[in-house]
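Trainee:
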Amino acid sequence: MSVLASRSLIRLELARTLRNRKFLFFSVLYPSLLFLIVAGQSGAGAQVDGSGLTVPTYMMVSMASFGALTAVLVGNSERIAKERENGWVRQLRLTSLPGHGYVLGKTASAAVVSLPSVVVVFAVAAAVEHVRLAAWQWLALTGVIWAGSLVFAALGVAIGYLATGDAVRPVTMLVYFGLSLLGGLWMPATTFPRWLRTVASWLPTHAYAALGQAIEQSRAPQAKDVVLLVVFFAVFTGGAAWLYRKDTLKA
Amino acid sequence: MTTAVTTTGTHPPTTAHAAAGAVVAFERVTKAYGAVRAVDDLSLVLHPGETVALLGPNGAGKSTTLDLLLGLKRPDSGTVTLFGTAPREAIVAGRVGAMLQSGGLMEGVTVAELVRLACDLHPRRYPVEEVLTRAGLTGIADRKVDKLSGGQAQRVRFALATAGDSDLIVLDEPTTGMDVTTRQAFWSTVREQAGQGRTVLFATHYLEEADAVADRVLVLHRGRLLADGTAAEIKAKAGARRIRFDLDGGIDEAALRGLPFLTALDISGRTVRIQSSDADATVYALYRLGVHPRNLEVAGLGLEQAFVAITEAEEARQP
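As they're listed, the protein sequences go chains A and B. Quick note on the working numbering: the first sequence kicks off at 1 and runs consecutively. Quick note on the working numbering: the second sequence kicks off at 252 and runs consecutively.
(1) Measure how close the beta-carbons of Ile471 (chain B) and Gly312 (chain B) come, nearest whole angstrom, since I'm counting them as under 8 Å.
(2) Excluding sequence positions up to five away, which residues of its chain have a Cβ less than 8 Å from the Cβ of Leu18 (chain A)?
(3) Quick one: which residues of the stretch 459-479 of chain B get their C-beta closer than 7 Å to a C-beta of chain A? List them in chain order.
(4) For Val579 (chain B) versus Arg467 (chain B), is the C-beta distance shorter than 7 Å?
(5) Closest by CA to Gly355 (chain B), which one among B:Val396, B:Thr389, B:His373 and B:Gly329?
(6) Here's the rule I'm using: 16 or more other beta-carbon atoms within 10 Å means buried, otherwise exposed. How should Lys486 (chain B) be labelled?
(7) Please name the residue or residues paired with Asp497 (chain B) in a DSSP beta bridge.
(8) Got a sec: which bits of the stretch 56-83 of chain A sit with their beta carbon under 7 Å from any beta carbon on chain B, in order along the chain?
(9) Sort B:Asp393, B:Ala286 and B:Glu364 by Cα distance to Ala414 (chain B) and report the nearest one.
(10) For chain B, check one thing: does any of its Cβ atoms lie closer than 7 Å to the Cβ of Thr95 (chain A)?
(11) Nearest-angstrom Cα distance between His100 (chain A) and Ser6 (chain A)?
(12) Just reading off the beta strand (DSSP E) that Ser328 (chain B) is part of, what are its end residues?
(13) Kindly say whether Val343 (chain B), judged by its beta-carbon, lies nearer than 7 Å to any beta-carbon of chain A.
(14) What is the DSSP secondary structure of Phe453 (chain B), reduced to helix, strand or coil?
(15) Please list the partners that Arg19 (chain A) has in chain B, where partner means a Cβ-to-Cβ separation under 8 Å.
(16) By the 10 Å Cβ neighbour count, where 16 or more other Cβ atoms means buried, how is Phe558 (chain B) classified, buried or exposed?
(17) List, in chain order, every chain B residue whose beta-carbon is nearer than 7 Å to that of Arg16 (chain A).
(18) Assuming Pro511 (chain B) and Ala530 (chain B) are in contact, meaning their beta carbons sit under 8 Å apart, how far apart are those beta carbons, in whole angstroms?
(19) On the DSSP letters alone, give me the boundaries of the beta strand (DSSP E) that Ile420 (chain B) sits inside.
(20) Taking C-beta pairs closer than 8 Å, name the residues in chain B that Arg90 (chain A) reaches, listed in chain order.
(21) Answer yes or no: does any C-beta atom of chain A fall closer than 7 Å to that of Leu372 (chain B)?
(22) Taking 7 Å as the cut-off, decide whether the C-beta atoms of Thr205 (chain A) and Gly183 (chain A) are in contact.
(23) Within a Cβ cutoff of 7 Å, which residues of the same chain sit near Gly300 (chain B), ignoring the five residues on either side of it in sequence?
(24) If we call anything under 7 Å between Cβ atoms a contact, is Gly474 (chain B) one with Val331 (chain B)?
(25) Which residue from A:Arg169, A:Trp88, A:Phe232 and A:Leu53 puts its Cα closest to that of Phe39 (chain A)?
(26) Which residues of chain A have a Cβ atom closer than 8 Å to the Cβ of Glu364 (chain B), listed in chain order?
(27) Between Leu368 (chain B) and chain A, is there a C-beta pair that is closer than 7 Å?
(28) Would you check if the stretch 375-385 of chain B and the stretch 410-429 of chain B touch, i.e. whether three or more CB-CB distances between them fall below 8 Å?
(29) Can you tell me whether Thr514 (chain B) is helix, strand or coil according to DSSP?
(30) Would you mind reading off the limits of the beta strand (DSSP E) that contains Val131 (chain A)?
(31) What in chain A is Cβ-close to Leu411 (chain B), meaning under 9 Å?
(32) By the three-class DSSP mapping on this structure, what secondary structure does Lys488 (chain B) have?
(33) Rounded to whole angstroms, what is the Cα-Cα separation between Ser519 (chain B) and Leu477 (chain B)?
(34) Roughly how many angstroms lie between the CA atoms of Thr172 (chain A) and Val61 (chain A), to the nearest whole one?
(35) Grab the span of the beta strand (DSSP E) containing Ala46 (chain A) for me, first residue to last.
(36) For Val151 (chain A), collect the residues of the same chain with a Cβ closer than 8 Å to its Cβ; drop the 5 residues on either side in sequence, then sort them by chain order.
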């Protein structure tokens, strides 16, 4: 019953998201446009320092990660905060839907939208910038970036339950731009001054993109990045669950 | 002007025995926000098939009572049960349908899509078409939820509350924002639902709605149950029959004031107006005085006046 119920909520969330052109532009097309701008600026064959990867290859993963981040973080946090405020969350609590079903529905529908945002960046990179990788690399990249976006979906839920009203958008944007920029999704962290590079190396977004770049380099991911992502996932999920429970008791 | 009204419900006090088979049972429930007791040691039982109005001025605790009933809030002390179980269990079992004033709607979807979701979420669902028709939404089924008027949004909330075969329907100020015609159609739908053996509980500001629809009225004031009975009983409790007559010749005010069950007396010229808590006895005694009243009228007070009288009496007792 509850699976069926969650499914129909997910279906409706999805239908609604796919109708939201502004959101689709920012999560699906915008990362590809940014990729073209950044990759197009570099000379042919230019490499990102110390990575052994060309700028387009390197930035493809950054921008795919950025697209997935946009899809799962921005939509979730603002929607949840708004629906907590207008009482939709209360109304849902008067149905048989289990309490976590709402969060599950939000996350699942965000995950469905984040997949095209990853794939479109890949397609543009392959077609326009002639990025070539082995088949297993394409598959592994898609899987890792998609699965890794769950870390930020949890963060989006946490922000949605933490902030209210006018505060949601600024908080979301601050976290979103801060993590994107400092994590090196917009430009390689290798171009940062040393102290900023140290900061970046501890951010979840940096670890997230580093997983993808390791696949491109055909090497195993750094243990530090994997551990970082796992820890951040645990912290964000725990925080979201705690805030959710607090909200339920209060409402 | 009016006598103090005591809280003597027509239903037995809540005991474990009385609560057996009850649809709703509050047992000594208290919920406070800081120093304010929104619900104060409230006990009440709703029985299957009743249509119950919850009346009270703003801040009387109606919303908190409904939140506690639906398990959206937890009592500080006391217990709330629906069908003998925790509220959440009853909701999951599909036994309760509810519309809240504070209940929002999902934006960016159509009316039909939202109603379909509500049906999918109900363990004893009705067909979507049927729910739309009953709530009078067929004409606006394809409209976006964000584009609805206040009255239309209320009808959508009603549709969500009646998406399946629930045993208890809870409606919080359901007709807010509806025009008169819609309101009438709405209540006939609610009566229909009640006629199928469901228990209906609604909170309202419109006292005529309670008078016309409910077979039991609960008056809530400062989180406590002030009165519990039929609309007629509540009116009677407030000294709520009005007797009016003309007297020729001298009027013996002292004798009139001595009439039994009299709660208010007003003499202007030859016209005498009396409020009585037992009009039959008062009129009988009036004739026994040996006077000859002309143009005698006995009429009920509106529930509104009765309600004001009851809450004022309570205010007077608690300065």
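Where a beta carbon is used, it is the ideal one built from N, C-alpha and C, also for glycine.
Mentor: So, to answer that:
(1) Checking the sequence shown, residue 471 (chain B) turns out to be Leu, not Ile. Yes, Leu471 (chain B) and Gly312 (chain B) are in contact; Cβ-Cβ is about 5 Å, under 8 Å.
(2) Leu24 and Val113
(3) none
(4) Chain B is shown only over 252 to 570; residue 579 (chain B) falls outside these bounds and no answer can be derived.
(5) B:Val396
(6) buried
(7) B:Thr522 and B:Arg545
(8) Glu83
(9) B:Glu364
(10) yes
(11) 9 Å
(12) Ser328 to Leu333
(13) yes
(14) strand
(15) Gly359
(16) buried
(17) Gly359 and Val360
(18) Their Cβ separation, rounded to whole angstroms, is 11 Å, which puts Pro511 (chain B) and Ala530 (chain B) out of contact at 8 Å.
(19) Leu419 to Asp423
(20) Leu323, Leu351, Ser353, Gly354 and Gly355
(21) yes
(22) yes
(23) Gly448 and Thr450
(24) no
(25) One point to set straight first is that residue 39 (chain A) is Ala, not Phe, in the sequence displayed. Nearest option by C-alpha distance: A:Leu53.
(26) Leu12 and Ala15
(27) yes
(28) yes
(29) strand
(30) That residue, Val131 (chain A), is in no beta strand (DSSP E); it is neither H nor E in DSSP.
(31) Gln91, Leu94 and Thr95
(32) helix
(33) 33 Å
(34) 23 Å
(35) Careful: Ala46 (chain A) lies outside any beta strand (DSSP E) and carries neither H nor E.
(36) Pro204, Tyr208, Leu229, Phe232, Phe233 and Phe236
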